[in-house]
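Under the working numbering, the residue at position 33 of the sequence shown is numbered 86, and the numbers go up by one with no gaps.
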Amino acid sequence: MATTRDLTETAPPATDETITCQGERFRLYLTDEAIQSRLQEIGTAISEEYEGRTPILVSVLNGAFMVTADLMRYITIDCEIDFMKLSSYGDEKVSSGNVTELKRIDANLQGRDVIVIEDIVDTGLSMQFILKKMQAHNPASLRTVTLLHKPTSNDTDVTLDYVGFDIPDLFVIGYGLDYGQIARNLPHIYILDEE
Ligand code: IMP
């Protein structure tokens, strides 16, 4: 998997602050402040790179709704938004490997500058699926944003253009990311405590 490395940051170590979700312990990992600061950098980069154009942001539901809302407010040029929805992990912590489309994009993407926004790229299978769907619309350009990137995805053939944080291969929750649909409303991101 290719990434624009200068727009990737390795996340700091988890803190000692813990919470319990679905009977499992998670450690505070990325604070709202750290997330916002990184999104601001990415929003600024997008605003500069797309100056004079009107990109359309394609947000992948459900997880990316929060990162999309915040990132969009850091983009200072004109931009549009649309949503698609894919099957999720269900209640499990491990990907089933089967990706299905639950809601299709409504906008006409032909000749448009498309920016796909994901919350996390884990195996990379979802992003691979999305990019294939997007390519079929013949966009003028196609780029990807993900807030989080796990190393598991390195075998998948997709390019990540803007990455918030590289994180270890552990389950994370909060800031839109769920565990069995719970925890999306947490303002910070928490990581599974292995101990
Ligand atoms: P992938 O297809 O394996 O890359 O997974 C993509 C989707 O799985 C993401 O958009 C998330 O919805 C979900 N996902 C992957 N890893 C996690 C995690 O650590 N916590 C919560 N959801 C995750």
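Note that the Cβ used here is the ideal one computed from N, Cα and C, for glycine as well.
Residue burial classification, residue 73 (beta-carbon count within 10 angstroms, cutoff 16) = exposed
Output the distance between the C-alpha atoms of residue 133 and residue 235, rounded to the nearest integer angstrom.
-> 29 Å
Measuring from the CB of residue 119, is there a heavy atom of the ligand IMP at a distance below 7 Å?
-> no
Would you check if the distance between the CB atom of residue 64 and the CB atom of residue 83 is smaller than 8 Å?
-> Yes, these two residues count as a Cβ contact at 8 Å.
Same chain only: Cβ atoms within 6 Å of residue 221, ignoring 5 sequence neighbours per side | none
Residue(s) in a DSSP beta bridge with residue 72 = 79
Contact set for residue 218: own chain, Cβ-Cβ below 6 Å, skip 5 residues either direction | 62, 64 and 201
Check each candidate in 242, 109 and 232 and name the one with the smallest Cα separation from residue 75.
-> The alpha carbon of residue 75 has as its nearest neighbour, out of 242, 109 and 232, the alpha carbon of 232.
What residue does the beta strand (DSSP E) around residue 109 start on, and which one ends it?
-> 109–114
Cα-Cα separation, residue 194 to residue 226 | Residue 194 and residue 226 have their alpha carbons spaced roughly 31 Å apart.
Please state whether DSSP places residue 196 in a helix, a strand or coil.
-> strand
Rounded C-alpha distance that separates residue 71 from residue 192 | 44 Å
Check whether the segment 102–111 touches the segment 162–178, taking contact to mean three or more Cβ pairs, one atom from each stretch, closer than 8 Å.
-> yes
Spatial distance of residue 246 from residue 239 (CA atoms) = Rounded to whole angstroms, residue 246 and residue 239 show a C-alpha spacing of 17 Å.
Proximal residues to residue 158 (C-beta, below 7 Å), its chain only, five neighbours per side dropped = Annotation for residue 158: 111, 135 and 137 place their beta carbon closer than 7 Å to its own, counting only its chain and skipping 5 residues before and after.
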